[in-house]
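Engineer: Throughout the sequence shown, residue numbering follows full-length UniProt numbering, covering 1 to 293 in sequence. Submitted below is the structure of interest, expressed as structure tokens.
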Amino acid sequence: MSLMGILDRIADVATFDKAIEPARKAVQAVLRPQAVKDLLHGTWLGHPLHPVLVQVPVGSWVSAGLLDAIPRMRPAATLLIGTGVAAAVPAALSGAADWSEQEVGVRRLGALHAVANTVALGLYVGSLAARGQGRDGLGRVLSYAGLGLATGSAAVGGHMSYAQASGASHAATAARALSTDWIDLGPLDDLPEGRPALRPGKGASFDVPLTAVRRGTRVDVFVSSCSHLAGPLHEGSVEDVRGHQCLVCPWHGSAFDLDNGEPRRGPAANPQEKLEVRMEAGRVMARLPGRHE
Ligand code: FES
Numbered sequence: 001m002s003l004m005g006i007l008d009r010i011a012d013v014a015t016f017d018k019a020i021e022p023a024r025k026a027v028q029a030v031l032r033p034q035a036v037k038d039l040l041h042g043t044w045l046g047h048p049l050h051p052v053l054v055q056v057p058v059g060s061w062v063s064a065g066l067l068d069a070i071p072r073m074r075p076a077a078t079l080l081i082g083t084g085v086a087a088a089v090p091a092a093l094s095g096a097a098d099w100s101e102q103e104v105g106v107r108r109l110g111a112l113h114a115v116a117n118t119v120a121l122g123l124y125v126g127s128l129a130a131r132g133q134g135r136d137g138l139g140r141v142l143s144y145a146g147l148g149l150a151t152g153s154a155a156v157g158g159h160m161s162y163a164q165a166s167g168a169s170h171a172a173t174a175a176r177a178l179s180t181d182w183i184d185l186g187p188l189d190d191l192p193e194g195r196p197a198l199r200p201g202k203g204a205s206f207d208v209p210l211t212a213v214r215r216g217t218r219v220d221v222f223v224s225s226c227s228h229l230a231g232p233l234h235e236g237s238v239e240d241v242r243g244h245q246c247l248v249c250p251w252h253g254s255a256f257d258l259d260n261g262e263p264r265r266g267p268a269a270n271p272q273e274k275l276e277v278r279m280e281a282g283r284v285m286a287r288l289p290g291r292h293e
């Protein structure tokens with residue numbers, strides 16, 4: 001069986017949930033202020049923050065591994081290991097925030113990823129302690145062990161991103177199936193005022209659900225699959241969130257600005273795909289921008 005197949009099997013093991021669920025609740029309790037969660041998700045950035053933050057520990061530790069192989073460069077390697085240890089803390093916090101709002105299969109692999117990273121971090125802390133005591137040989141053994149474990153853990157994280165689509169925009173995936181033509185969403189007068197309505201979006205081979213929100217004569221149209229985990233935005237609501245009129249997902253409460261689709265509240269970090277709209281003889285016409293030049 002391939003490594004990817006093994007990871008898929010692990011993602012199916014329900015017995016892990018007995019340990020994972022209390023940990024998830026603990027993470028959600030610790031990160032309870034919504035502003036803290038949004039900071040860690042990357043909602044303010046319009047992009048998941050975790051993959052940005054992990055660059056520092058990964059880069060520092062790989063570089064330290066190379067420099068440790070050159071005797072005169074070992075003080076620089078120690079400095080880089082310390083940098084990686086410090087940078088691993090915010091990276092772990094943002095990963096934990098994302099993990100606590102993911103699907104069950106992602107949570108199982110995420111738990112494995114977290115345990116491996118925690119052990120790797122412990123090995124690097126041990127390496128720093130050994131180097132501080134002048135036991136440089138032991139320090140190098142511990143840091144290379146940490147590098148090996150962190151590399152394996154990165155493979156698990158990659159599987160979570162690429163095979164399980166954690167952190168990916170589910171709205172962007174759905175939008176790719178839309179037709180490039182203007183799509184007729186029916187008469188303006190058929191849309192309810194101030195609440196989401198489901199409309200079929202013509203696709204190349206199948207229809208893509210769209211969500212239309214009417215405010216007077218203005219209509220905002222979005223791909224219905226929430227960018228977070230594909231929740232049905234047409235079943236959501238319209239709310240004022242931090243001074244912005246937003247379309248709110250019924251699954252985990254992500255809020256997307258009606259004006260531009262930017263996330264104003266997480267757990268979504270990716271924006272929501274928004275269509276451009278024009279009126280034609282009292283009918284609402286919509287299409288994805290940027291695909292027609
Ligand atoms: S699916 Fe999670 S907030 Fe929409």
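Cβ coordinates follow ideal geometry from the N, Cα and C atoms, glycine included. From a predicted model like this one, the values you see are computed outputs, not experimental measurements.
Relative to the ligand FES, what is the chain-ordered list of residues with a Cβ closer than 7 Å to any of its non-hydrogen atoms?
Structural biologist: Glu101, Cys226, His228, Leu229, Ala230, Gly231, Cys249, Trp251, His252, Gly253, Ser254, Pro267 and Ala268
Engineer: Find the nearest neighbour of Val284 within the set Gly231, Gly216 and Asp240, judged by alpha-carbon distance.
Structural biologist: Gly216
Engineer: Using DSSP with H/G/I as helix, E/B as strand and the rest coil, what is Phe16?
Structural biologist: helix
Engineer: Which residue wins for smallest C-alpha separation from Glu276, given the options Thr211, Asp98, His228 and Val238?
Structural biologist: Looking only at Thr211, Asp98, His228 and Val238, the smallest Cα-Cα distance to Glu276 is reached by Thr211.
Engineer: Can you give me the C-alpha to C-alpha distance between Met279 and Pro187, rounded to a whole angstrom?
Structural biologist: 9 Å
Engineer: Take Ala91 and list the residues in its own chain whose beta-carbon comes closer than 8 Å to its own, dropping the five residues that flank it on each side.
Structural biologist: His50, Leu53, Val54, Val56 and Pro57
Engineer: So, are the CB atoms of Gly82 and Trp61 less than 7 Å apart?
Structural biologist: no
Engineer: Which class does Gly216 belong to by DSSP, given the choice of helix, strand or coil?
Structural biologist: coil
Engineer: Return yes when the C-beta of Val85 is under 6 Å from any heavy atom of the ligand GDP, and no when it is not.
Structural biologist: Only the ligand FES can be found as ligands here, which leaves the ligand GDP out of the picture.
Engineer: Look at the alpha carbon of Asp12 and the alpha carbon of Gly152, and state the distance between them as a whole number of angstroms.
Structural biologist: Each residue's alpha carbon lies about 19 Å from the other.
Engineer: Which of helix, strand or coil does DSSP assign to Lys25?
Structural biologist: helix
Engineer: Roughly how many angstroms separate the alpha carbons of Val208 and Gly194, rounded to a whole number?
Structural biologist: 22 Å
Engineer: If we call anything under 7 Å between Cβ atoms a contact, is Ala175 one with Leu247?
Structural biologist: no
Engineer: Can you give the beta carbon distance from Cys249 to Gly231, rounded, assuming they're within the 8 Å contact cut?
Structural biologist: 5 Å
Engineer: Let me check understanding here. Comparing Cα to Cα, which of His252, Ala286, Ile70 and Trp44 lies closest to Glu103?
Structural biologist: His252
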